[in-house]
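Novice:
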Amino acid sequence: MSLGFIVPLGFIFFRSFTIDGVFTLEGFRSLLTSPLFVRVFWTTLEISLIASIVALAVGYPVALHISRQSERVRSLYLIMVLLPFWTSILVKSYAFTVILGDAGLINTALRALRLPQFEMIFNRFGVLAASTNFLVPFAVFPILANLLAQDPNLGKAAEVMGAGPLRIFWRITFPLSGSGVLAGFILTFVLSLGLFATPALLGGRHDMMMANLIDFYTRDTLNWNAASAIAVILLFTSAVLLLLLNRVRGTEKFA
Amino acid sequence: MNSPARKLNLGAIGKPVHWRFPLTGIMAWSAFAFLLLPSLIIIPISFGNKNQIVFPPTAFHWDLYYLFFTTSTWIAATTQSAKVALLSTAIALTLGTLAAYGIERSRLRGKQLLLVVLLSPLLIPGVVTALGLYSYFAVIGLSGSTTALVMGHTVFLCPFVIVTVSAGIKELDGSIETAASVMGAGRFKIFTAVVLPQLRPSLVSAGLFSFLMSFDELVISWFISGAQTTTLPVKMYSSVQTETSPILAAISTMLTILSVIICLGAEGARNLRKKAVAADS
Numbered sequence: 001m002s003l004g005f006i007v008p009l010g011f012i013f014f015r016s017f018t019i020d021g022v023f024t025l026e027g028f029r030s031l032l033t034s035p036l037f038v039r040v041f042w043t044t045l046e047i048s049l050i051a052s053i054v055a056l057a058v059g060y061p062v063a064l065h066i067s068r069q070s071e072r073v074r075s076l077y078l079i080m081v082l083l084p085f086w087t088s089i090l091v092k093s094y095a096f097t098v099i100l101g102d103a104g105l106i107n108t109a110l111r112a113l114r115l116p117q118f119e120m121i122f123n124r125f126g127v128l129a130a131s132t133n134f135l136v137p138f139a140v141f142p143i144l145a146n147l148l149a150q151d152p153n154l155g156k157a158a159e160v161m162g163a164g165p166l167r168i169f170w171r172i173t174f175p176l177s178g179s180g181v182l183a184g185f186i187l188t189f190v191l192s193l194g195l196f197a198t199p200a201l202l203g204g205r206h207d208m209m210m211a212n213l214i215d216f217y218t219r220d221t222l223n224w225n226a227a228s229a230i231a232v233i234l235l236f237t238s239a240v241l242l243l244l245l246n247r248v249r250g251t252e253k254f255a
Numbered sequence: 256m257n258s259p260a261r262k263l264n265l266g267a268i269g270k271p272v273h274w275r276f277p278l279t280g281i282m283a284w285s286a287f288a289f290l291l292l293p294s295l296i297i298i299p300i301s302f303g304n305k306n307q308i309v310f311p312p313t314a315f316h317w318d319l320y321y322l323f324f325t326t327s328t329w330i331a332a333t334t335q336s337a338k339v340a341l342l343s344t345a346i347a348l349t350l351g352t353l354a355a356y357g358i359e360r361s362r363l364r365g366k367q368l369l370l371v372v373l374l375s376p377l378l379i380p381g382v383v384t385a386l387g388l389y390s391y392f393a394v395i396g397l398s399g400s401t402t403a404l405v406m407g408h409t410v411f412l413c414p415f416v417i418v419t420v421s422a423g424i425k426e427l428d429g430s431i432e433t434a435a436s437v438m439g440a441g442r443f444k445i446f447t448a449v450v451l452p453q454l455r456p457s458l459v460s461a462g463l464f465s466f467l468m469s470f471d472e473l474v475i476s477w478f479i480s481g482a483q484t485t486t487l488p489v490k491m492y493s494s495v496q497t498e499t500s501p502i503l504a505a506i507s508t509m510l511t512i513l514s515v516i517i518c519l520g521a522e523g524a525r526n527l528r529k530k531a532v533a534a535d536s
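Just so you know, the protein sequences line up as chains P and V, in that order.
Using our numbering, the letters of the first sequence correspond one by one to residues 1 to 255.
Using our numbering, the letters of the second sequence correspond one by one to residues 256 to 536.
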């Protein structure tokens, strides 16, 4: 059964190193010298980095809040994270086009109030808003797993010794959650490297990401060699990061 | 240095930890709003004006739903998605459950490696899998067919089924299988009469979520579907930019409701398992 997955991957590797069946590194060489690819590569890294950091910043308080509820209430809160998690990314992206668009909800409201309007779609802002929205649940889960695994006696001990809640958080809870945050970061970063629908629907020409470039080479220019070479680069980057994630998970047992 | 903060707070002993700051709550609720509102805002729009998006809607009608159910291309795409989702879920559930059982109950030497290979499609960018399947199907002449879509989705679903069902198998008491074996049951009999019935809750939730994942899947379908085999997400994706009518609001609302139903169904299956465990002990 795993053949079903390995064979297609084999095809990508084969195509990325060959043109008309002849071995060549031309695909990689021309990619690395192509201004389009280099730009898209950096755009992808930039969007992924910002979106995953914002997702962690949004997700951390959620995880913290959920971790402090009783078990009954916790499962109710979890539904509020799971529901967006299981909502189609197309629905979410469409929702953002409706909210952020030029004739969208926010701009219409601003117009009604005679305030200046903003361009929030077909640019970096739109991509980041929708990507962050997609990534937050993936940031919440590893952080929550870490927070729940922490020994509650540490907090109690600190409280007995007179530490205030803020101090307990900064000196105990937060430092201990480092590995959860790191796991969340790698997970969200890898997921955003592969974003496809969001940059295509909410981004402009300058927000094309690697997945969109693969699509462009495959459909519009029929350059399978270049498309496969990008896929290999994307695969390699993700694999290295996932191995790192495995390391993080190995040191700290959770999830 | 005798400030009150430095004193031992003996009252805290024995109390459950309940240091919470209102700020965390406010931030968490803002995050929930950010997560949920976009999809929720679409719902009133879907019952609203037919030709353009007006918010808040000035009228209430079912026009957009009517439009969806009377447009043959939308119905065809929805039927296609349902067909692909049902078939690929059925195949992935069968293969995935067998693989999960095989891995959990065997002492294979390459077990860890096998597991990594089996689970890798879960985290590898979907576009990589999609491109691989696309060039593979093009070579074997299946591109654009429903068969290709079902196979592609099966590859995409299997790892998820394996993870979910493995978790269920880990909770099983292996000695029941040993007992069945002692009493003379063959391996096949043990699997069908002892293991599968106990796994029902995991199988239900794996099946439900697999269906949803396949029904909502865009990237693989975008690469390998043809004009005759367009799935609902592919049609949605290509019409977000071109469609002027807010019909997508109606479709999005229905997809959100589908997600809610499936989450509730899986939650029900989970509770069923809890009850079964409680009844056992």
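All residues carry an ideal CB built from backbone N, CA and C; glycine is no exception.
Do the stretch 410-421 of chain V and the stretch 338-357 of chain V meet, that is, are 3 or more Cβ pairs less than 8 Å apart?
Specialist: Output reads yes: the stretch 338-357 of chain V touches the stretch 410-421 of chain V.
Novice: Cβ atoms of Pro142 (chain P) and Gly184 (chain P): under 8 Å apart, would you say?
Specialist: Walking along the first sequence from the start, residue 184 (chain P) turns up at place 184. Walking along the first sequence from the start, residue 142 (chain P) turns up at place 142. Contact: yes.
Novice: Sorted by chain position, which residues of the same chain lie with C-beta nearer than 6 Å to Ser278 (chain P)'s C-beta, five sequence neighbours on each side aside?
Specialist: Look at the range of chain P in this structure, 1 to 255, and you will see that residue 278 (chain P) is not part of it.
Novice: Fully enclosed by the stretch 328-416 of chain V, which alpha helix (DSSP H) runs are 4 residues long or longer?
Specialist: Listed in chain order, the complete alpha helix (DSSP H) runs (minimum 4 residues) inside the stretch 328-416 of chain V are 366-374, 381-395.
Novice: Could you spell out the range, first to last residue, of the alpha helix (DSSP H) harbouring Gln453 (chain V)?
Specialist: Here residue 453 (chain V) is taken as the residue at index 198 of the second sequence, counted from 1. Unbroken alpha helix (DSSP H) run through Gln453 (chain V): 451-471.
Novice: State yes or no: is the beta carbon of Thr279 (chain V) nearer than 8 Å to at least one beta carbon in chain P?
Specialist: Position 24 of the second sequence holds residue 279 (chain V). Chain P contact via Cβ: present.
Novice: Could you check which residue in P:Leu235, P:Met210, P:Phe189 has the C-alpha nearest to that of Leu49 (chain P)?
Specialist: Along the first sequence, read from residue 1 onward, the residue named residue 49 (chain P) stands at position 49. It is P:Phe189 whose Cα lies nearest to the Cα of Leu49 (chain P).
Novice: Can you tell me which of V:Thr402, V:Ser457, V:Leu458, V:Thr328 puts its alpha carbon nearest to the alpha carbon of Lys338 (chain V)?
Specialist: Position 83 of the second sequence holds residue 338 (chain V). The option with the nearest alpha carbon to Lys338 (chain V) is V:Thr402.
Novice: Check whether the Cβ of His65 (chain P) lies closer than 8 Å to any Cβ atom in chain A.
Specialist: Going by chain labels, chain A is absent from the structure shown, which instead holds the protein chains P and V.
Novice: Using the C-alpha atoms, what's the distance from Val459 (chain V) back to Ile506 (chain V)?
Specialist: Counting from one through the second sequence, the residue named residue 506 (chain V) turns up at place 251. Counting from one through the second sequence, the residue named residue 459 (chain V) turns up at place 204. Answer to the nearest angstrom: the Cα atoms are 26 Å apart.
Novice: I'd like to know whether the C-beta of Leu451 (chain V) is nearer than 8 Å to at least one C-beta of chain P.
Specialist: Locating residue 451 (chain V) in the second sequence gives position 196, where the first residue counts as 1. No, its Cβ sits nowhere closer than 8 Å to a Cβ of chain P.
Novice: Quick check: is the beta carbon of Ala355 (chain V) nearer than 8 Å to any beta carbon in chain P?
Specialist: Against the second sequence, residue 355 (chain V) aligns to sequence position 100. Judged by the 8 Å Cβ criterion, Ala355 (chain V) is not in contact with chain P.
Novice: With DSSP collapsed to three states, give me the class of Thr87 (chain P).
Specialist: The residue given as residue 87 (chain P) occupies position 87 in the first sequence. In this structure, Thr87 (chain P) counts as coil in the three-state DSSP scheme.
Novice: Would you say Ala229 (chain P) faces chain V, with C-beta separation under 8 Å as the test?
Specialist: Translated into positions along the first sequence, residue 229 (chain P) becomes position 229. Not an interface residue.
Novice: Taking Thr484 (chain V) as part of the alpha helix (DSSP H), name the residues at either end of that continuous run.
Specialist: For the purposes of this step, residue 484 (chain V) is identified with residue 229 of the second sequence, where counting begins at 1. Per DSSP, Thr484 (chain V) belongs to no alpha helix (DSSP H) and is neither H nor E.
Novice: For the 8 Å Cβ check, are there 3 or more pairs between the stretch 121-128 of chain P and the stretch 195-209 of chain P?
Specialist: Yes, the stretch 121-128 of chain P is in contact with the stretch 195-209 of chain P.
Novice: So, for Lys425 (chain V): in the same chain, excluding its five sequence neighbours on each side, which residues have a beta-carbon less than 8 Å away from its beta-carbon?
Specialist: Stepping through the second sequence from its first residue, residue 425 (chain V) is reached at position 170. The residues are Glu359.
Novice: Of all the options P:His206, P:Val181, P:Tyr94, which has the alpha carbon lying nearest to the alpha carbon of Leu245 (chain P)?
Specialist: One-based indexing of the first sequence puts residue 245 (chain P) at position 245. Considering only alpha carbons, the answer is P:Val181.
Novice: Rounded to whole angstroms, what is the Cα-Cα separation between Pro293 (chain V) and Gly162 (chain P)?
Specialist: Position 38 of the second sequence, counted from the start, is the residue given in the question as residue 293 (chain V). Position 162 of the first sequence, counted from the start, is the residue given in the question as residue 162 (chain P). Distance between the alpha carbons of Pro293 (chain V) and Gly162 (chain P) is about 43 Å.
Novice: Along chain P, which residues have their Cβ under 9 Å away from the Cβ of Leu473 (chain V)?
Specialist: Numbered from 1 along the second sequence, position 218 holds the residue referred to as residue 473 (chain V). Correct list: Ser88, Ile89, Leu90, Phe196, Ala197.
Novice: Would Tyr389 (chain V) count as contacting chain P if we go by Cβ distances under 8 Å?
Specialist: Translated into positions along the second sequence, residue 389 (chain V) becomes position 134. Cβ-Cβ to chain P under 8 Å: yes for Tyr389 (chain V).
Novice: Along chain P, which residues have their Cβ under 8 Å away from the Cβ of Ser514 (chain V)?
Specialist: Locating residue 514 (chain V) in the second sequence gives position 259, where the first residue counts as 1. Neighbours of Ser514 (chain V) on chain P, chain order: Leu83, Trp86, Thr87, Ser88.
Novice: Are the C-beta atoms of Ser294 (chain V) and some chain P residue less than 8 Å apart?
Specialist: Mapped onto the second sequence, residue 294 (chain V) falls at position 39. Judged by the 8 Å Cβ criterion, Ser294 (chain V) is in contact with chain P.
Novice: Please report the Cβ distance between Leu213 (chain P) and Phe37 (chain P), rounded to the nearest whole angstrom; I am assuming they are in contact, meaning their Cβ atoms lie under 8 Å.
Specialist: Here residue 213 (chain P) refers to the residue found at position 213 of the first sequence. Here residue 37 (chain P) refers to the residue found at position 37 of the first sequence. Yes, Leu213 (chain P) and Phe37 (chain P) are in contact; Cβ-Cβ is about 7 Å, under 8 Å.
Novice: Which same chain residues end up closer than 7 Å to Thr511 (chain V) when comparing Cβ atoms and leaving out the 5 residues on each side of it in sequence?
Specialist: On the second sequence, position 256 is the one that residue 511 (chain V) refers to. Cβ within range, chain order: Ser294.
Novice: Examine chain P for any beta-carbon lying closer than 8 Å to the beta-carbon of Thr511 (chain V), and answer yes or no.
Specialist: Residue 511 (chain V) sits at position 256 when you count from the first residue of the second sequence. By this cut-off, Thr511 (chain V) is an interface position.
Novice: In chain order, what residues of the same chain lie with their CB nearer than 8 Å to the CB of Asn133 (chain P), ignoring the 5 residues before and after it?
Specialist: Here residue 133 (chain P) refers to the residue found at position 133 when the first sequence is read from its first residue. Excluding residues within five positions, the ones whose Cβ falls inside 8 Å are Pro84, Lys92, Phe96.
Novice: Since Phe11 (chain P) meets chain V, which of its residues come closer than 8 Å, beta carbon to beta carbon?
Specialist: Sequence index remark: in the first sequence, residue 11 (chain P) carries index 11 (1-based). Going along chain V in sequence order, the residues near Phe11 (chain P) (Cβ under 8 Å) are Gly387, Ser390, Tyr391, Val394.
Novice: Is there a Cβ of chain V sitting closer than 8 Å to that of Leu133 (chain P), yes or no?
Specialist: Position 133 of the first sequence holds residue 133 (chain P). The sequence given here places Asn at residue 133 (chain P); Leu does not occur at that position. At least one chain V Cβ lies under 8 Å of Asn133 (chain P).
Novice: For chain V, is any of its Cβ atoms less than 8 Å away from the one on Val73 (chain P)?
Specialist: Stepping through the first sequence from its first residue, residue 73 (chain P) is reached at position 73. False, the Cβ-Cβ gap to chain V never drops below 8 Å.
Novice: Under 8 Å, do Ala385 (chain V) and Ile475 (chain V) count as touching if we go by C-beta distance?
Specialist: For the purposes of this step, residue 385 (chain V) is identified with residue 130 of the second sequence, where counting begins at 1. For the purposes of this step, residue 475 (chain V) is identified with residue 220 of the second sequence, where counting begins at 1. Cβ distance < 8 Å, so Ala385 (chain V) and Ile475 (chain V) count as in contact.
Novice: Inspect the CB distances between the stretch 461-471 of chain V and the stretch 367-376 of chain V and report whether three or more fall short of 8 Å.
Specialist: With a cut-off of 8 Å, the stretch 367-376 of chain V and the stretch 461-471 of chain V do not count as touching, because too few Cβ pairs lie within range.
Novice: DSSP state of Thr198 (chain P), grouped into three classes?
Specialist: As a first step, residue 198 (chain P) is located in the first sequence; it is residue number 198 there, counting from the start. Thr198 (chain P): helix per DSSP, three-state reduction.
Novice: Determine the direct distance from the alpha carbon of Leu202 (chain P) to that of Gln496 (chain V), and round the result to whole angstroms.
Specialist: Translated into the one-based positions of the second sequence, residue 496 (chain V) becomes position 241. Translated into the one-based positions of the first sequence, residue 202 (chain P) becomes position 202. Their backbone Cα atoms lie some 10 Å apart in a straight line.
Novice: Which ranges would you report for the beta strand (DSSP E) in the stretch 123-156 of chain P if only whole runs of at least 3 residues count?
Specialist: Listed in chain order, there is nothing to give.
Novice: Name the chain P residues whose beta carbon is nearer than 7 Å to that of Val416 (chain V)?
Specialist: For the purposes of this step, residue 416 (chain V) is taken as the residue at position 161 of the second sequence. Residues of chain P passing the Cβ test: none, with the nearest at roughly 11 Å.
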